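*Asks:*
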Amino acid sequence: MDYNFSEIEPRWQNYWREHGVYHVVNNSDKPHYYVLDMFPYPSGAGLHVGHPLGYIASDIYARYKRLQGFNVLHPMGYDAYGLPAEQYAIQTGQHPAITTEKNIARYREQLDKIGFSFDWDREVRTCDPKYYKWTQWTFLQLFKHYYDNTADKAMPIASLVARFAECGTADLDAACSEPMDFSADEWNSWDEAKQQQVLMNYRLAYLADTYVNWCAGLGTVLANDEVVNGLSVRGGYPVERKLMRQWSLRISAYAQRLVDGLEKVDWTDSLKEIQRNWIGRSEGAAVWFPLDVKSNENVLPGAQAYMPQFDPQPVPSFEIFTTRPDTIFGVTFMVLCPEHELIDQITTDEQRQQVQDYVTWAKNRSERERQAEVKKVSGVFTGAYAVNPLTEERIPIWVSDYVLAGYGTGAIMAVPAHDSRDFAFARHFGLPIRQVVSQEKDVTSDPATWEESMDAKTGWSVNSGFVSGMKVKEAMKAVIDKIEEMGIGHRTVNYRLRDAIFSRQRYWGEPFPIYYKNSTPYTIPEECLPLELPEVKEFKPTATGEPPLGHADKWAWDEANCCVVDKGRIDNKTVFPIELSTMPGFAGSSGYYLRYMDPTNNSAYFSPDAVGYWQNVDLYVGGAEHGTGHLIYARFWNKFLFDLGMSVKEEPFQKLINQGMIQGRSNFVYRSKNDNNLFVSKGLVKNMDDVTPIHVDINIVSNDVLDVEKFRQWRPEFADAKFELEDGKYICGWEIEKMSKSMFNVQNPDDLVARYGADTLRLYEMFLGPVEQAKPWDTNGIEGVFRFLKKFWRLYEGASSQPADKGALKILHQTIKKITDDIERFSFNTSVSTFMIATNQLTDLKCGSREVLEPLVVLMAPFAPHIAEELWHQMGHESSVCDAQWPKYDEKMLVEDTVKYPVQFNGKMRFTIDLPADSTQADALAAIRSSADGQKWLGDNEPKKVIFVPKKIINIVL
RNA sequence: GCUCUGGUGGUGGAAUGGUAGACACGAGGGACUUAAAAUCCCUUGCCCGCAAGGGCGUGUGGGUUCAAGUCCCACCCGGAGUACCA
2 MDYNFSEIEP
12 RWQNYWREHG
22 VYHVVNNSDK
32 PHYYVLDMFP
42 YPSGAGLHVG
52 HPLGYIASDI
62 YARYKRLQGF
72 NVLHPMGYDA
82 YGLPAEQYAI
92 QTGQHPAITT
102 EKNIARYREQ
112 LDKIGFSFDW
122 DREVRTCDPK
132 YYKWTQWTFL
142 QLFKHYYDNT
152 ADKAMPIASL
162 VARFAECGTA
172 DLDAACSEPM
182 DFSADEWNSW
192 DEAKQQQVLM
202 NYRLAYLADT
212 YVNWCAGLGT
222 VLANDEVVNG
232 LSVRGGYPVE
242 RKLMRQWSLR
252 ISAYAQRLVD
262 GLEKVDWTDS
272 LKEIQRNWIG
282 RSEGAAVWFP
292 LDVKSNENVL
302 PGAQAYMPQF
312 DPQPVPSFEI
322 FTTRPDTIFG
332 VTFMVLCPEH
342 ELIDQITTDE
352 QRQQVQDYVT
362 WAKNRSERER
372 QAEVKKVSGV
382 FTGAYAVNPL
392 TEERIPIWVS
402 DYVLAGYGTG
412 AIMAVPAHDS
422 RDFAFARHFG
432 LPIRQVVSQE
442 KDVTSDPATW
452 EESMDAKTGW
462 SVNSGFVSGM
472 KVKEAMKAVI
482 DKIEEMGIGH
492 RTVNYRLRDA
502 IFSRQRYWGE
512 PFPIYYKNST
522 PYTIPEECLP
532 LELPEVKEFK
542 PTATGEPPLG
552 HADKWAWDEA
562 NCCVVDKGRI
572 DNKTVFPIEL
582 STMPGFAGSS
592 GYYLRYMDPT
602 NNSAYFSPDA
612 VGYWQNVDLY
622 VGGAEHGTGH
632 LIYARFWNKF
642 LFDLGMSVKE
652 EPFQKLINQG
662 MIQGRSNFVY
672 RSKNDNNLFV
682 SKGLVKNMDD
692 VTPIHVDINI
702 VSNDVLDVEK
712 FRQWRPEFAD
722 AKFELEDGKY
732 ICGWEIEKMS
742 KSMFNVQNPD
752 DLVARYGADT
762 LRLYEMFLGP
772 VEQAKPWDTN
782 GIEGVFRFLK
792 KFWRLYEGAS
802 SQPADKGALK
812 ILHQTIKKIT
822 DDIERFSFNT
832 SVSTFMIATN
842 QLTDLKCGSR
852 EVLEPLVVLM
862 APFAPHIAEE
872 LWHQMGHESS
882 VCDAQWPKYD
892 EKMLVEDTVK
902 YPVQFNGKMR
912 FTIDLPADST
922 QADALAAIRS
932 SADGQKWLGD
942 NEPKKVIFVP
952 KKIINIVL
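In my numbering, the protein residues as written are 2 to 959.
Printed below as a string of structure tokens:
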């Protein structure tokens, strides 16, 4: 009987479903193991061959762990909220829930055909109220907590309130938006609204006026990771900076723990590096520079208020951040960002007009413009001066947009000799440049002759007062010690990581469980969750510019009856308006891995028992493109839940594997420029200028040979196409590009499953190359894998209970060893090769022994579960191969009697020689001498040196 | 610019300091067949040679080593991330 995958595969898929083979329980004597895939957004296009790559790899590992005796959690679900379904709704009026439902059904159908071992009883969908109840719940907890830097964890707001009532902000070290300083009396004298306003400064989920990434094209605000080069990642619309009142998550409070945690996880260095760069920790010093009040009559007394918490100076000062305190003797000007609040107060009358014009211009520039013109230097002098606290020099204060408002204090001390940006600025405006670091001790040169600044953090200080002659590192320490002693600054750390903007002016997302009394936000009680997404008439923003939820009629909170009521009943006494924004995509995906542990729990996010059993994700597989988004947010979310005592591990994903992107391989036909109907085969094109390459659907091309009949039918304009053929064939050109519809290079897994079966698809995706490497999709090789499976199948047609001979057993044990090693290091492409080698060898030996074939089928089961299950049952087993036992190799079976030694002379391989495995160096040399090959190369010469590596190699140096 | 990756036959790739090119695809030749499909066998890095055999070969140039695709230094090229973060 031939290998009939189309009969076998659906039959076993039904069997698995009916027998609940992949159902996982939360209690077991077995050790636990959690294998997770990044769940997909169900797009309208369905899966292409790139999606299952990671799923297949994780499925192999999950099945392998199960065969090793682990209780394996391997769930799947859908990241179901998102922009495309909503954009589609705006265009067509079809409710996003319907679109999403349809797309999920299609995904499920495609996934089922590939034979994954997912426990579908645990499926989650982020748009399901039973699920987002807990997304909303977590948001409420974030709202009700603040970050205490002393305890280094999140603490209840209630304890902060108690503290304020007792001692105000005294000794408080908490993450906040603005430093605050008040007494218990002040706190107690404030009314409810004022107190709420103050608390907002500390909450981990807070409402604030912040500069946001406003994307008019999508009608919403975006997080930093959703914007690339000034354009939205989704849709590519321009993004501008805008000051808006938005919900944010105080993820910056966790910056240090997010950096530290990277030490504890088993991720690739490159991904850790991406996160480290994104968090952007830099050590340095905060230094207060006093204003030169005497020489600047325009400085208002109000400037003093700029330093509310820290007031060491008799004169007004402003704070800067620097990573190079050692260069403080080289400061020749100061720069403020255009948003800096000091600008108005210090600018002189002569400069006022110019400064105002510049600030207006800078603020109105789009992010894209600003980024595109980074090389262009711009700025203006304020007319005011600061004083260098160490040299007492008078230093001009400038305004420029190369200093960013969102980092540090939005003000810098400029050291043009040792900072390339300051250097460019100084050169452009003719400001002085002073060398304070030299690469060779006491050797200086005239900065006027320099072509660039010396940014390196190495060398010695020069022209630097008391630190002159010190190494850069010592000078840094000495300067910080000095400014701390003077009380004008301190050692500090800055992070590039900004708080995550959490509001979206969209419909298809989780509603915020928040209502407003006099524009002060209040939380909807936890027991009233979920706050369900209301129906709306339209998915567009309202005429007044409100988010789509503004169209909802029933969208007001009845405080007394704790229910959502009609908007018409809003009286701001007992019925209040509900928040109109929804949460962003990363809200639902930040904690889903925990929910899989206990997906139907209605009284808690997940039970302590469930998380106590599963702990965290042991293996997470997904794309590296989530490095600055999902993988940061999820780590933050998990750490917060850890602080709450809910999650039990600080890091959610212990080991992480990035699957490489599958690129498309496009095919081209070449249309003659002289004859619009003539297509020239690739080999016959003499000059590429004479032809126009046209993308052609890869589904009508096989091994780069075009099916000309299908091409004529493909599109009406090609119906009468003529061809110039080579050897009777039309050969297409090819190129590696992104996989996309417009390039006609999308490969749909269903077509391949229909043609070759799921097992072939699974093996072939693995056979393409290392999982983590990007590689082009090319169906050319799939035939080879299909042939292999047919050959593997034939091996079992002669299965018998005869004992196996030694050779066959050796092949088996070698295979067990290699496959086990390969799976452990996620080298699945070499596993497939190993199966091919074993099958070829056993076929040559005509081995039909069950003693060999049974363990072999277990080895195959994680890779090709359908054929393995079929053969397993054919050999008389009643239970699923999924519950078989992973074979162990016997070292004794691998022992070789003789070893084929490569013999090198001066490091060049000349011949091989068979020697007994226990040969010594002397034995080997004697054998070489007496062999014909040995005579030829060695003759009667005495080797200068002989390297003999037992069982590996012999190298003779002459 | 900075950071991280990668560079091996016509193609995908293998080789954890020890025989470079495993395993496949493609190509060429052959067997079986009325034919096709399927299956099987041989050849296939480049150069010289009828052959035996030899030389050259892992982006480039150096180095370490008995031995380098693998380790070190410098450079070139591709991909990804990031982008005035002081």
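The beta-carbon is built from N, C-alpha and C at its ideal position, and this holds for glycine as well.
Here the structure is a predicted model, which is why all the values come from computation and not from measurement.
Could you please give me the residues that DSSP links to Arg422 through a beta bridge?
*Replies:* As a first step, residue 422 is located in the first sequence; it is residue number 421 there, counting from the start. DSSP output for Arg422 lists no bridge partner at all.
*Asks:* By how many angstroms is the C-alpha of Leu292 removed from the C-alpha of Gln346?
*Replies:* For the purposes of this step, residue 346 is identified with residue 345 of the first sequence, where counting begins at 1. For the purposes of this step, residue 292 is identified with residue 291 of the first sequence, where counting begins at 1. The alpha-carbon atoms of Gln346 and Leu292 are separated by roughly 11 Å.
*Asks:* Residues in its own chain within less than 6 Å of Ala476 by CB, not counting five upstream and five downstream?
*Replies:* Along the first sequence, read from residue 1 onward, the residue named residue 476 stands at position 475. Around Ala476: Asp327, Ser462 and Val468.
*Asks:* Taking the continuous beta strand (DSSP E) assigned at Asn668, which residues delimit it?
*Replies:* Along the first sequence, read from residue 1 onward, the residue named residue 668 stands at position 667. Ile663 to Ser673 is the extent of the beta strand (DSSP E) around Asn668.
*Asks:* Roughly how many angstroms separate the alpha carbons of Thr100 and Asp80, rounded to a whole number?
*Replies:* The count along the first sequence starts at 1 and reaches residue 100 at position 99. The count along the first sequence starts at 1 and reaches residue 80 at position 79. Taking the straight line joining both Cα atoms gives about 14 Å.
*Asks:* Just how far apart, CA to CA, sit His96 and Asn104?
*Replies:* On the first sequence, position 95 is the one that residue 96 refers to. On the first sequence, position 103 is the one that residue 104 refers to. Looking at the two C-alpha atoms, the distance is approximately 13 Å.
*Asks:* Give me, in chain order, the residues of the same chain whose beta-carbon lies closer than 7 Å to that of Asn5; leave out the 5 immediate sequence neighbours on both sides.
*Replies:* Position 4 of the first sequence, counted from the first residue, corresponds to residue 5. Here the set comprises nothing.
*Asks:* What are the boundary residues of the beta strand (DSSP E) that includes Leu657?
*Replies:* As a first step, residue 657 must be located in the first sequence, where it is residue number 656. Where Leu657 is concerned, the enclosing beta strand (DSSP E) stretches over Phe654 to Asn659.
*Asks:* Let me know the secondary structure DSSP gives Thr445 once reduced to three states.
*Replies:* Along the first sequence, one-based indexing puts residue 445 at 444. Thr445 falls in the coil class under three-state DSSP.
*Asks:* Please give me, in chain order, every unbroken run of the beta strand (DSSP E) with length at least 3 that falls completely inside the stretch 196-265.
*Replies:* As far as the stretch 196-265 is concerned, its whole beta strand (DSSP E) runs of at least 3 residues are 206-216, 221-223 and 241-250.
*Asks:* How many Å lie between Lys364 and Glu766 at the Cα?
*Replies:* As a first step, residue 364 must be located in the first sequence, where it is residue number 363. As a first step, residue 766 must be located in the first sequence, where it is residue number 765. When rounded, the distance between both Cα atoms is 50 Å.
*Asks:* By DSSP, does Trp191 sit in helix, in strand, or in coil?
*Replies:* The residue labelled residue 191 in the question sits at position 190 within the first sequence. Trp191: coil per DSSP, three-state reduction.
*Asks:* Report the three-state DSSP secondary structure of Arg282 (helix, strand or coil).
*Replies:* The count along the first sequence starts at 1 and reaches residue 282 at position 281. Here Arg282 sits in coil by DSSP.
*Asks:* Ala46: buried (16+ other C-beta within 10 angstroms of its C-beta) or exposed?
*Replies:* Taking the first sequence and counting its residues from 1, one reaches residue 46 at position 45. It counts as exposed.
*Asks:* Among residues of its own chain, excluding the 5 on either side of Ser960, which ones have a beta-carbon nearer than 8 Å to its beta-carbon?
*Replies:* No statement about residue 960 is possible, as the shown extent of the chain runs from 2 to 959 and does not include it.
*Asks:* Once the 5 residues before and after Asp751 are set aside, which same chain residues still bring their CB inside 7 Å of it?
*Replies:* Sequence index remark: in the first sequence, residue 751 carries index 750 (1-based). So the list reads Gln111 and Lys114, once near-sequence residues are dropped.
*Asks:* Among Pro549, Met894 and Phe577, whose alpha-carbon lies nearest the alpha-carbon of Asn562?
*Replies:* Counting from 1 along the first sequence, the entry for residue 562 is found at position 561. Selected option, being the one with the closest Cα: Phe577.
*Asks:* What distance in whole Å lies between the Cβ atoms of Phe322 and Gly285, which are believed to be in contact at a cut-off of 8 Å?
*Replies:* The residue labelled residue 285 in the question sits at position 284 within the first sequence. The residue labelled residue 322 in the question sits at position 321 within the first sequence. Indeed, because the Cβ distance is near 6 Å, the residues count as touching under 8 Å.
*Asks:* So, helix, strand or coil for Gln905, using DSSP?
*Replies:* For this step, residue 905 is matched to residue 904 along the first sequence. The answer is strand: DSSP assigns Gln905 an E or B state.
*Asks:* Use the C-beta contact count for Ile695: other C-beta atoms within 10 angstroms, 16 or more gives buried, fewer gives exposed.
*Replies:* As a position in the first sequence, residue 695 is number 694, starting the count at 1. Label assigned to Ile695: exposed.
*Asks:* My parser needs the beta strand (DSSP E) runs of 3 or more residues fully inside the stretch 325-383; what are they?
*Replies:* Qualifying beta strand (DSSP E) stretches, in chain order: 334-337.
*Asks:* For Gly665, count the other beta carbons within 10 Å of its own beta carbon; 16 or more makes it buried, fewer makes it exposed. Which is it?
*Replies:* Counted from its first residue, the first sequence places residue 665 at position 664. By the neighbour-count rule (16 or more Cβ atoms within 10 Å), Gly665 is buried.
*Asks:* Identify whether Met477 lies in helix, strand or coil by the three-state DSSP scheme.
*Replies:* The residue labelled residue 477 in the question sits at position 476 within the first sequence. Here Met477 sits in helix by DSSP.
*Asks:* In angstroms, rounded to a whole number, what distance separates the CA positions of Glu651 and Val222?
*Replies:* As a working note, residue 651 is residue 650 in the first sequence. As a working note, residue 222 is residue 221 in the first sequence. Between Glu651 and Val222, the C-alpha separation is close to 30 Å.
*Asks:* According to the neighbour-count rule (16 or more other Cβ atoms, all chains shown, within 10 Å of its Cβ), is Asn675 buried or exposed?
*Replies:* Taking the first sequence and counting its residues from 1, the one referred to as residue 675 is at position 674. Burial call: exposed.
*Asks:* For Leu916, which residues does DSSP report across the bridge?
*Replies:* As a working mapping, residue 916 is identified with position 915 in the first sequence. Val900.
*Asks:* Measure the beta-carbon distance from Gly169 to Trp188 and round it to whole angstroms, keeping in mind my assumption that it falls under 8 Å.
*Replies:* Start at 1 with the first residue of the first sequence, and residue 169 comes out as number 168. Start at 1 with the first residue of the first sequence, and residue 188 comes out as number 187. Indeed they touch by this definition, with Cβ atoms about 6 Å apart.
*Asks:* Going by the C-beta, is Asn639 closer than 7 Å to any heavy atom of the ligand HEM?
*Replies:* You won't find the ligand HEM in this model; it holds no ligand whatsoever.
*Asks:* With a threshold of 8 Å on Cβ separation, who are the neighbours of Tyr359 within its own chain once the five nearest residues in sequence on each side are excluded?
*Replies:* Walking along the first sequence from the start, residue 359 turns up at place 358. Counting only Cβ-Cβ distances below 8 Å, and skipping sequence neighbours, we find Pro339, Ser379, Gly380, Val381 and Val400.
*Asks:* Applying the criterion that 16 or more other CB atoms from any shown protein chain within 10 Å of the CB defines a buried residue, is Ile783 buried or exposed?
*Replies:* Looking up residue 783 in the first sequence gives position 782. When all chains shown are included, Ile783 counts as buried.
*Asks:* Along the chain, where does the beta strand (DSSP E) that runs through Gly623 open and close?
*Replies:* Along the first sequence, read from residue 1 onward, the residue named residue 623 stands at position 622. Here the beta strand (DSSP E) through Gly623 covers Val618 to Gly623.
*Asks:* Go ahead and pull the three-state DSSP assignment for Val706.
*Replies:* In the first sequence, residue 706 corresponds to position 705, counting from 1. Strand at Val706.
*Asks:* Starting from Trp268 and walking both ways along the beta strand (DSSP E), at which residues does that stretch end?
*Replies:* Here residue 268 refers to the residue found at position 267 when the first sequence is read from its first residue. Looking at the DSSP string, Trp268 is not in any beta strand (DSSP E), and its letter there is neither H nor E.
*Asks:* Inspect the beta-carbon positions of Leu707 and Val670 and report whether they are closer than 8 Å.
*Replies:* Position 706 of the first sequence, counting from 1, holds the residue named residue 707. Position 669 of the first sequence, counting from 1, holds the residue named residue 670. Yes, these two residues count as a Cβ contact at 8 Å.
*Asks:* Decide if Pro302 is buried, meaning its Cβ has at least 16 other Cβ atoms within 10 Å, or exposed.
*Replies:* Mapped onto the first sequence, residue 302 falls at position 301. With a pLDDT of only 46 at Pro302, under the threshold of 50, the placement of this residue in the model should not be trusted; the figure read from the coordinates follows. With fewer than 16 Cβ atoms within 10 Å of its Cβ, Pro302 is classed as exposed.
*Asks:* Inspect the beta-carbon positions of His341 and Ala412 and report whether they are closer than 8 Å.
*Replies:* Reading the first sequence from its first residue, position 340 is the one you call residue 341. Reading the first sequence from its first residue, position 411 is the one you call residue 412. Closer than 8 Å, so yes.
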